[in-house]
Structures are given as structure tokens and as C-alpha cells.
Amino acid sequence: LSSARNFGLRKISGDYVLFVDSDDWISQNCVELLMKKIQISKADIVEFGYELVFDTKKSDVITFDDQNIEGNKNILEEFFYGTQITDIVCNKIYRKSLFDNVEFVEGRIHEDYMIMPKLLFSCKKISIIEESLYFYYQRDDSITQKPFSDKNFDRLFAGDYVINFCKENAQEFYDISLIRKGYICIYMYNQLLASSLNDNYNNYKRNIAEEFNNIYKKTFRSKSLKKLPFAKRMLFKMF
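Position 10 of the sequence shown, counting from 1, maps to 16 under the working numbering, and the rest follow consecutively.
In C-alpha cells:
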């Protein structure tokens with residue numbers, strides 16, 4: 007997936023880029039609406055709602071509040087602490103110049119989370135619209151639906167990747183990037199518990215717990231943790 011995206015980025019000649027993954031589709035008026043929004047807002051990124059479409063024919067619609075956020079610090083603040091800017095690449099259109107010195111990490115899953123802070127760091131303005139324009143097909147055998155394996159630990163690699171980026175470029179978000187990795191551990195732990203037992207089950211469990219404990223020791227008194235909603239803080243501390 008990352009290789010295909012990087013290849014496309016090297017070949018395109020337009021000023022804006024929109025990603026549509028192989029199983030997914032966009033609404034017929036998606037590009038028209040987004041370009042109109044860009045002309046009005048002059049935003050570097052426009053984010054929009056999306057719909058999760060399942061084989062059972064049911065769907066979940068995810069929408070956001072119409073708003074503009076300016077300044078990369080305010081944008082990163084919303085990304086790390088808020089709910090309005092996702093780490094999903096496909097529910098956004100981007101000014102192509104944001105990718106001038108940025109590529110997707112190849113050979114790893116969770117690549118969207120790794121690239122998003124870099125793009126937002128260079129973003130001066132993001133516009134968010136409520137409309138759901140992207141249809142995200144959820145296959146039972148997709149990358150995100152496979153049984154737990156060593157490949158799942160790419161998520162921890164992604165967490166470290168973002169931590170290192172913040173440490174080098176955006177120090178004020180270093181603690182929250184550690185905490186975000188802690189939530190990745192919680193997600194992986196629950197994913198492991200829901201998967202079939204295998205020979206590596208106990209090792210997986212131990213490794214995830216050790217990763218989380220190292221993060222918890224560094225962040226449980228952090229101001230960044232206190233800024234999160236009560237329910238998120240409780241989840242972090244109870245885990």
C-alpha cells in the first residue's frame with residue numbers, strides 16, 4: 007500500500023492529491039465539493055466524513071464538525087488531544103507540496119499514523135467538513151482483520167516513529183505521543199485477547215504489557231495525560 011502511494015506521489019503533476027484505496031470508493035461529487043472548499047478556505051488540507059461499509063450491508067457513518075483550524079501547533083493539538091482530526095489518510099485531500107519531503111514508510115502497517123504528524127506539522131490551515139464523502143469497505147480478510155501475529159507489532163514501531171518525530175520537531179507533543187503509544191498497547195492487548203490462542207500468546211501478552219509499563223512510568227503524572235478526557239485517563243490508569 008505505501009509503495010503504491012509513494013509511486014503515485016512521484017508521478018502526479020497536479021496541485022492536490024486524494025487517496026482512494028483499492029476496495030473503497032468516493033461519492034460522485036467528492037472532488038467537486040472539496041475543490042470548492044479549498045477555493046473558499048485556502049486550506050492545505052480538507053478533512054471530511056466517511057462511511058464504514060461491512061459485508062453484512064450495515065454501515066457506520068463517521069462525521070466531524072464544520073470548522074477551520076489554523077497554525078500547525080493548533081492543528082497538532084487537535085490531532086493528539088481531540089477527536090476531529092483522524093490519523094486516516096483517505097478522508098482528506100492535501101496540497102501536493104506537503105509531500106515534497108515526505109514519503110509513506112514502506113513494508114509496515116499503521117503507515118497512516120506515521121505520516122500524519124509530518125503532514126500536519128507542515129500544514130498552516132485545515133478545513134473540516136461534515137459531509138461523508140468516502141466509503142471505506144471492511145473486508146473480513148483485510149489487513150486490519152487478520153489474526154494476531156508478529157506483524158501487529160508494527161503498531162509499536164509506528165508509535166516509536168511518531169515519538170521520535172515529536173522529539174526532534176515538536177517537543178511540546180512528546181509526552182502525548184508517548185501516551186498515544188500507550189493507547190496503541192491497550193488496543194493491541196484487547197486485539198490479542200480477542201484472537202485465537204497460539205504458541206506465542208503469552209510472549210505477545212508479556213511484550214505488550216512491558217511496553218505499556220515503560221510508557222506509564224514516564225507519563226502517569228504528565229500534564230499531557232491530565233488534558234485528556236476523564237474516561238481516557240481512567241482507561242490509561244486502570245490498564
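Note that the Cβ used here is the ideal one computed from N, Cα and C, for glycine as well.
Taking a contact as a CB-CB distance under 8 Å, the pair Phe242 and Gly188 counts as one, their CB atoms being some 6 Å apart.
A direct Cα-to-Cα measurement between Asp30 and Phe179 gives close to 33 Å.
The alpha-carbon separation between Ile115 and Asp160 amounts to approximately 6 Å. Annotated as distal: Lys130 and Asn74, with beta-carbon spacing of 8 Å or more. Annotation for Ile185: Ile221, Thr225, Ser228, Ser230, Leu231, Leu234, Phe242 place their beta carbon closer than 8 Å to its own, counting only its chain and skipping 5 residues before and after. In the DSSP assignment, Val37 falls within the unbroken alpha helix (DSSP H) covering 36-47. Around the C-beta of Val108, fewer than 16 other C-beta atoms lie within 10 Å, and the residue is accordingly described as exposed. Classified as exposed, Pro153 has fewer than 16 neighbouring CB atoms from the shown chains inside 10 Å of its CB.
The beta-bridge partner set that DSSP reports for Lys131 consists of Glu76. Only residues of its own chain outside the window of five on either side were considered, and among them Ser65, Phe141, Tyr142, Tyr143, Gln144 have a CB closer than 7 Å to the CB of Val59, listed in chain order. Using a Cβ distance threshold of 8 Å, Ile169 and Glu53 do not count as a contacting pair.
Residue burial annotation: Lys157 is exposed, with fewer than 16 other C-beta atoms found within 10 angstroms of its C-beta. Residue range 65-68 is occupied by the beta strand (DSSP E) that includes Ile68.
The DSSP-derived three-state label of Leu7 is coil. If you ignore the 5 residues before and after Phe25, its C-beta comes within less than 6 Å of the C-beta of Val95, Cys96, all in its own chain and listed in chain order. Within the same chain, and ignoring the five residues on either side of Phe218 in sequence, the residues whose Cβ sits closer than 8 Å to its Cβ are Gly188, Cys191, Ile192, Tyr195, Phe245. Rounded to the nearest angstrom, the Cβ distance from Thr69 to Gly55 is 4 Å, consistent with a contact under 8 Å.
Looking at Glu136, Asp50, Glu57, the one whose alpha-carbon comes closest to that of Gln90 is Glu136. Short of 6 Å from the beta carbon of Glu117, and not among the five residues preceding or following it, lie these beta carbons of its own chain, in chain order: Ser8, Phe110, Val111. Using a Cβ distance threshold of 8 Å, Asp72 and Ile134 count as a contacting pair. For Arg239 and Tyr167, the gap between their C-alpha atoms comes out near 23 Å. The beta carbon of Ala176 sits closer than 7 Å to those of Leu82, Phe127, all from its chain and outside the five residues before and after it, given in chain order. In this structure, Met122 places its C-beta atom within 8 Å of the C-beta atom of Phe85. By the neighbour-count definition (other C-beta atoms within 10 Å, threshold 16), Asp181 is a buried residue. Distances from the CA of Thr92 to each of Lys17, Tyr119, Phe236, Asp106 were compared; the closest alpha carbon is that of Tyr119.
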